[in-house]
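When you read off a place in the sequence shown, starting at 1, and then add 15, the result is the number in the numbering used here. Quick reminder that beta carbons are idealized off the backbone N, C-alpha and C, glycines included. Take a look at the structure below.
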Amino acid sequence: MDRILIRGGHRLAGRLPISGAKNAALTLMPCALLTDEPLTLRNLPRLADVDSFGHLLNQLGASTAIEGTRPEDFGRVMTIRAGKLTSSEAPYDIVRKMRASILVLGPLIGRCGEARVSLPGGCAIGNRPIDLHLKALEAIGAELETTAGYVRASAPGGRLSGGRYRFPVVSVGATENVVMAAVTARGGSVIENAAREPEIVDLCRLLVAMGAAIDGIGTETLTIEGRDRLHGATYAVMPDRIEAGSYACAAAITGGTLELAGARAADMRATLDALVEAGVTVEELADGVRVSADGPLRPITLSTAPFPGFATDMQAQFMAMLLRAEGASVLTETIFENRYMHVPELARMGADVQVSGRTAVVRGGAALAGAPVMATDLRASMSLILAGLAAAGETSVSRVYHLDRGYERLEEKLQAVGADIERVGDG
Ligand code: UD1
16 MDRILIRGGH RLAGRLPISG AKNAALTLMP CALLTDEPLT LRNLPRLADV
66 DSFGHLLNQL GASTAIEGTR PEDFGRVMTI RAGKLTSSEA PYDIVRKMRA
116 SILVLGPLIG RCGEARVSLP GGCAIGNRPI DLHLKALEAI GAELETTAGY
166 VRASAPGGRL SGGRYRFPVV SVGATENVVM AAVTARGGSV IENAAREPEI
216 VDLCRLLVAM GAAIDGIGTE TLTIEGRDRL HGATYAVMPD RIEAGSYACA
266 AAITGGTLEL AGARAADMRA TLDALVEAGV TVEELADGVR VSADGPLRPI
316 TLSTAPFPGF ATDMQAQFMA MLLRAEGASV LTETIFENRY MHVPELARMG
366 ADVQVSGRTA VVRGGAALAG APVMATDLRA SMSLILAGLA AAGETSVSRV
416 YHLDRGYERL EEKLQAVGAD IERVGDG
């Protein structure tokens, strides 16, 4: 299995291109199931999760063609054709590997009037139930039956009625699923306390480009008028705000300067505000964000929250960065119950972090030393990379497949801005 080796202590400087957003890609791709016309997605990141989602669409009978990009380019163009579907089932083997597979549930009921999707089970960062996905779909007319680890959803008469649902807790994935199901319902739907993440805005914009009628995009109330049919479209995936935020932390932890080319400041306001509070300089450019850190960092207090709050997907990277701040920072994780798996690994590099329940106290300022560490989930892996960039000596991060799920060509991008980082095989 591959590992990533980092020899730390190099200040990063230069221009680093930001890829298309993984979490947007994974909700835009299933929209192809809603039409028999082709959907072309541009700026799709080259990531293991995107490939896996492509395979899932293939299993359902859709074709996926990658066009017009050279291997050296970042991003890809993919045309998905779901002229005729041959299956409406997402099997356990795929859902188990990639939770986002449950995002075919909504579009499949919309298109086929039925779907059978494996229950995903827990994952490294928490229980992550899908009860809200199911309740929201039920509220717009789906009939559900759960047996033998699968949920079978159907629309009476082949088409959902539409309806009203208020989420008791904000859920990104459940909002995505119900919106994708509601756009082709017979009647209208009102979704209250909807997630407002930029990826949801991206999803709604694509659906509108396909002929859907959605009001209130970017707010917590989405009003949807069902359409008889949607058509094809060509659409560019939004830039990855979490990738951009992660590399902003890389500039900060190494005392460097990075121009995050293509990053959209408006999508990552809470991250940028927290960076400024920690003493990092942030400049908004015409097409990107420049982040630099030349003085010492300051400790801060942060709590994760749904958008526009501070993203849970940035918590691990901030923890690593705050190991360079002089003093104690306090992080509180409110979204997932088990999202401090990086702490024991960071401790192996000399980090002083005390976790109590959902709160972590990060005492920064101590020197970090390179060590062999193990990635546990996607964002946790990035926190280990960041710590490695700042640590003295060599850090070896194993279980790199977590990183490959969400960071396009990580080592290439970091090498280009001065990091001493390489991927090595174990064999
Ligand atoms: C998405 C993102 C993930 C991010 C998360 C929160 C994708 C592919 N993944 O995950 O990177 O960390 O948003 O910003 O876009 N919940 C329930 N029942 C449900 C659904 C969710 O209780 O049916 C709970 C979850 O356990 C969690 C909270 O709601 O505590 C938020 O989860 P949710 O927003 O749904 O996250 P995901 O869509 O899974």
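Span of the alpha helix (DSSP H), counted from its first residue to its last, around residue i
i: S371; result: Counting along the chain, S371 falls outside any alpha helix (DSSP H), though it belongs to the beta strand (DSSP E) covering D367 to S371.
i: L7; result: Only positions 16 to 442 of the chain appear in the structure, and residue 7 is not among them; the question remains open.
i: L147; result: D146 to A154
i: L245; result: No alpha helix (DSSP H) holds L245; DSSP gives it neither H nor E.
i: R394; result: L393 to A405
i: L134; result: Segment: none, L134 is in no alpha helix (DSSP H) and carries neither H nor E.
Proximity winner among the options, relative to residue i (alpha-carbon distances)
i: T347; options: L118, G23, D328 and K428; result: D328
i: A407; options: A431, A382 and D419; result: A382
i: K99; options: D88, I109 and L75; result: L75
i: V345; options: R91, M364 and V370; result: V370
i: V92; options: R424, A77, I436 and R57; result: R57
i: E104; options: R96, A266, G90 and N73; result: N73
i: R339; options: T349, T319, A366 and E352; result: A366
i: P106; options: E153, I124, P135 and D66; result: P135
i: T465; options: M364, P359 and G372; result: Residue 465 is absent from the model: the chain starts at 16 and stops at 442.
i: A375; options: V388, A115 and P359; result: P359
i: G69; options: A289, A47 and R85; result: A47
i: G23; options: A434, T162 and G156; result: A434
i: R26; options: A157, S307 and A77; result: S307
i: Y355; options: G294, V368, L175 and L62; result: V368
i: N142; options: G177, F351 and L418; result: F351
i: G385; options: R244, E409 and N353; result: E409
i: V198; options: A289, L123 and V252; result: L123
i: G156; options: G164, G125, V132 and Y165; result: G125
i: P144; options: L175, A154 and I117; result: I117
i: G421; options: D108, A390 and A405; result: A390
Proximal residues to residue i (C-beta, below 7 Å), its chain only, five neighbours per side dropped
i: S398; result: A331, Q332, M334, A335, H357 and L361
i: V185; result: N208, A210 and P321
i: P30; result: Pro is not the amino acid found at residue 30; the sequence shown has Arg there. For R30, where only same-chain residues beyond five positions count, the Cβ hits under 7 Å are E274 and A276.
i: E82; result: V92 and T94
i: A280; result: L287, E299 and V304
i: R18; result: S411, V412, S413, V415, V439 and D441
Extent of the continuous beta strand (DSSP E) run through residue i
i: A431; result: No beta strand (DSSP E) contains A431, which is instead part of the alpha helix (DSSP H) from L425 to A431.
i: T286; result: First-last for T286: R284 to E292, but that is the alpha helix (DSSP H), not the beta strand (DSSP E).
i: P45; result: That residue, P45, is in no beta strand (DSSP E); it is neither H nor E in DSSP.
i: A276; result: T272 to A276
i: S176; result: Unbroken run through S176: none, as it is neither H nor E.
i: V205; result: G203 to E207
i: M225; result: Looking at the DSSP string, M225 is not in any beta strand (DSSP E), and its letter there is neither H nor E.
Spatial neighbours of residue i in its chain, beta-carbon cut-off 6 Å, leaving aside the 5 residues before and after
i: T249; result: T55
i: P53; result: T94, R96 and G247
i: H148; result: A189 and N192
i: T286; result: G260 and M329
i: E298; result: R305
i: A80; result: T94
i: D282; result: P213 and R256
i: D419; result: A63
i: G203; result: G177 and E240
Residues near residue i by beta carbon distance below 8 Å, same chain, minus five either side
i: E341; result: P311, L312, R313, P314, G379 and G380
i: I33; result: P254, D255, E258, A259, Y262, L275, A276, G277, A278 and G303
Three-state class that DSSP yields for residue i in the structure shown
i: N192; result: helix
i: S169; result: strand
i: I215; result: helix
i: Y422; result: coil
i: D255; result: coil
i: E298; result: strand
i: A381; result: coil
i: S411; result: strand
i: G24; result: coil
i: A36; result: coil
i: R220; result: helix
i: V187; result: helix
i: R30; result: strand
i: A306; result: Contrary to the premise, residue 306 reads as Val rather than Ala in this sequence. V306 falls in the strand class under three-state DSSP.
i: S261; result: helix
i: V119; result: helix
i: R438; result: strand
i: R126; result: helix
i: R181; result: strand
i: R18; result: strand
i: A266; result: helix
i: A280; result: helix
i: A390; result: coil
i: A200; result: coil
In chain order, each alpha helix (DSSP H) run of at least 4 residues that lies wholly inside the segment 308 to 363:
330 to 337 and 357 to 362
Please give me, in chain order, every unbroken run of the beta strand (DSSP E) with length at least 3 that falls completely inside the segment 48 to 112.
54 to 59, 78 to 82 and 91 to 96
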